[in-house]
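Below is one structure, written out as structure tokens; the observations come after it.
2 protein chains.
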Amino acid sequence: MQLLEERIRRDGKIREGGVLKVDSFLNHQMDVALFGEIGREFARLFEGQNVTKILTIEASGIGIACIAAQYFNVPVIFAKKNKTKNIAGDVYTSKVESFTHGKVYDIIVSKEFLHSEDRVLLIDDFLANGSALQGLIKLVEAAGATVVGAGICVEKAFQPGGDLIREMGVRVESLARIKSMSVEGGVEFC
Amino acid sequence: MQLLEERIRRDGKIREGGVLKVDSFLNHQMDVALFGEIGREFARLFEGQNVTKILTIEASGIGIACIAAQYFNVPVIFAKKNKTKNIAGDVYTSKVESFTHGKVYDIIVSKEFLHSEDRVLLIDDFLANGSALQGLIKLVEAAGATVVGAGICVEKAFQPGGDLIREMGVRVESLARIKSMSVEGGVEFC
Numbered sequence: 012m013q014l015l016e017e018r019i020r021r022d023g024k025i026r027e028g029g030v031l032k033v034d035s036f037l038n039h040q041m042d043v044a045l046f047g048e049i050g051r052e053f054a055r056l057f058e059g060q061n062v063t064k065i066l067t068i069e070a071s072g073i074g075i076a077c078i079a080a081q082y083f084n085v086p087v088i089f090a091k092k093n094k095t096k097n098i099a100g101d102v103y104t105s106k107v108e109s110f111t112h113g114k115v116y117d118i119i120v121s122k123e124f125l126h127s128e129d130r131v132l133l134i135d136d137f138l139a140n141g142s143a144l145q146g147l148i149k150l151v152e153a154a155g156a157t158v159v160g161a162g163i164c165v166e167k168a169f170q171p172g173g174d175l176i177r178e179m180g181v182r183v184e185s186l187a188r189i190k191s192m193s194v195e196g197g198v199e200f201c
Numbered sequence: 012m013q014l015l016e017e018r019i020r021r022d023g024k025i026r027e028g029g030v031l032k033v034d035s036f037l038n039h040q041m042d043v044a045l046f047g048e049i050g051r052e053f054a055r056l057f058e059g060q061n062v063t064k065i066l067t068i069e070a071s072g073i074g075i076a077c078i079a080a081q082y083f084n085v086p087v088i089f090a091k092k093n094k095t096k097n098i099a100g101d102v103y104t105s106k107v108e109s110f111t112h113g114k115v116y117d118i119i120v121s122k123e124f125l126h127s128e129d130r131v132l133l134i135d136d137f138l139a140n141g142s143a144l145q146g147l148i149k150l151v152e153a154a155g156a157t158v159v160g161a162g163i164c165v166e167k168a169f170q171p172g173g174d175l176i177r178e179m180g181v182r183v184e185s186l187a188r189i190k191s192m193s194v195e196g197g198v199e200f201c
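From first to last, the protein sequence lines stand for chains A and B.
All residue numbers for the first sequence refer to my numbering, where the first residue is 12 and numbers rise by one.
All residue numbers for the second sequence refer to my numbering, where the first residue is 12 and numbers rise by one.
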């Protein structure tokens, strides 16, 4: 998606260690007009797939998922990273390893909101090692529901997550796929 | 807002200890069509206030804030609960006490995204003790920016937060104000 690639070139900041900061428009400050275009593109890519639910993970996927959901006319569910006392025991759970935070945590979704007849589109801002996406896929499988695919804003294609998920047979649509990046050379897209 | 009150009556679940579960439409599964109506109502209430930024707090405020922001044509910033290595040192910080989770945590916003000329609308799903909202107000004040007001979906008016924030001189618009609630008697609105 040219609009997103251009925005990453213009406003993304590359840091040592393979870190791409897009927090001025994607995951801290959020450009909702851009999200609208992203949502429209996901709707075009997954048209006719009879999506019934969009599933994302807190926190930075939520805004994109909600705005995209307006084009699908379906509810969004976000997987929670911690079990709060506001959620009863009936949850699906899986594990996610965060490379950013350097820890493993549980994600949960209430069983009330995922059913075997659901056709679920996964949406997230980043795909790198694929751990978050694998965690979400496991939640959908635990419910006996169908993963229609994954809509990703930025895929670090030089990391293994995208290939891993595609080899599982899951359709992954990434709007910007980064082939390589460096502080000196900037971002190169696939 | 009648639509929201009716939805709370229909789908909200009251638990012992003053817990109102609205996770089938507001803060776990999210009804984005309802969020659209909520956003439109916030836009009506704060029309002419020259809002330049919407500030919310992760995680459950993000979806509502993003959809509301479409009616204001402004970016959303969400305050983060943990400092990740993706955020540099230049942040505003304040403390929030979570009664749900029983702990105090820091919230942060990058100094890049809040400036003294900003007119900030705060948006959140719940107002009870007011700790999250006070934390957000402190972030805005630290930036020397102006708090235009707070748009809240559900205020537990029997808890002290709303009065506390209004006594600080901040305009608070809550779309559903709960006067009292009990497992036996259900919800009574103000």
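Ideal placement from N, C-alpha and C gives every residue a C-beta, glycine not left out.
What's the C-alpha gap between Asn38 (chain A) and Ala70 (chain B)? 12 Å
Give a yes or no on whether the minimum CB-CB distance between Lys149 (chain B) and chain A is below 9 Å. no
Looking at the structure shown, is Leu125 (chain A) part of a helix, part of a strand, or coil, going by DSSP? coil
Would you identify the three-state DSSP class for Arg188 (chain A), choosing helix, strand or coil? strand
Should Gln13 (chain A) be labelled buried (16 or more other beta-carbon atoms within 10 Å of its own) or exposed? exposed
Where Val87 (chain A) meets chain B, residues with beta-carbon distance less than 8 Å: Gln40, Met41, Val43, Gly74
Using the Cβ count rule (16 or more neighbours within 10 Å means buried), how would you classify Glu166 (chain B)? buried
Consider the Cβ of Asp34 (chain A): report whether some Cβ of chain B lies at a distance smaller than 9 Å. yes
Would you call Val159 (chain A) buried or exposed, if buried means 16 or more other Cβ atoms sit within 10 Å of its Cβ? buried
Please classify Glu52 (chain B): is it buried, with 16 or more other beta-carbons within 10 angstroms of its beta-carbon, or exposed? buried
Can you look up Cys201 (chain A) in the DSSP assignment and give me helix, strand or coil? coil
How many Å lie between Val171 (chain B) and Val30 (chain B) at the Cα? Position check: residue 171 (chain B) holds Pro in this sequence, whereas Val was assumed. Approximately 15 Å, taken between the alpha carbons.
Should Ala153 (chain A) and Ile68 (chain A) be called a contact, given that it needs their Cβ atoms to be closer than 9 Å? no
Contained alpha helix (DSSP H) runs [length at least 4] in the stretch 104-178 of chain A, N- to C-terminal order: 142-153, 172-178
Taking the straight line between their C-alpha atoms, what separation do you get for Glu123 (chain A) and Gly196 (chain A)? 48 Å
Output yes if chain D places a C-beta closer than 9 Å to the C-beta of Ala156 (chain B); else output no. Protein chains A and B are contained in the structure displayed, whereas chain D is not.
Which residue marks the beginning of the beta strand (DSSP E) containing Leu66 (chain B), and which one marks its end? 64-68
Do the stretch 84-95 of chain A and the stretch 111-120 of chain A make contact, defined as three or more Cβ pairs closer than 8 Å? yes
So with CB distances below 9 Å, who are the chain A contacts of Glu69 (chain B)? Glu69, Ala70, Ser71, Ile73
Is the separation between the beta-carbon of Val181 (chain B) and that of Ile134 (chain B) shorter than 9 Å? no
With 16 other Cβ atoms within 10 Å as the buried cut-off, status of Cys201 (chain A): exposed
Under a three-way DSSP split, which group does Arg182 (chain A) fall into? coil
Could you list which residues in chain A have their beta carbon closer than 9 Å to that of Glu10 (chain B), in chain order? For chain B, the structure presents residues 12 to 201; residue 10 (chain B) sits outside this window and is missing.
Could you give the first and the last residue of the continuous beta strand (DSSP E) run that contains Phe89 (chain B)? 87-90
Does the CB of Lys91 (chain B) have a neighbour CB from chain A at under 9 Å? yes
Are there 16 or more other CB atoms within 10 angstroms of the CB of Tyr116 (chain A), so buried, or fewer, so exposed? exposed
Boundaries (first-last residue) of the beta strand (DSSP E) holding Val43 (chain B): From DSSP, Val43 (chain B) is part of no beta strand (DSSP E) but of the alpha helix (DSSP H) over 43-56.
For Gln145 (chain B), would you say it is in contact with chain A, using Cβ-to-Cβ distances shorter than 9 Å as the test? no
Using a beta-carbon distance below 9 Å, is Glu16 (chain A) in contact with chain B? no
Determine the chain A residues that contact Ala80 (chain B) at a beta-carbon separation under 7 Å, and present them in chain order. Val43
When we look at the beta-carbon of Phe57 (chain B) and count the other beta-carbons within 10 Å, is it buried (16 or more) or exposed? buried
Within 9 Å (strictly less), CB to CB, does Phe57 (chain B) reach chain A? no
Opposite Ser193 (chain A) in the DSSP bridges: which residues? A:Gly197
Would you say Gly47 (chain A) lies against chain B (beta-carbon separation less than 9 Å)? yes
On the CB-based measure, 16 or more other CB atoms within 10 Å of its CB, does Arg20 (chain B) come out buried or exposed? exposed
If distances are taken between C-alpha atoms only, which option among B:Arg55, B:Lys24, B:Ser193 comes closest to Leu132 (chain B)? B:Arg55
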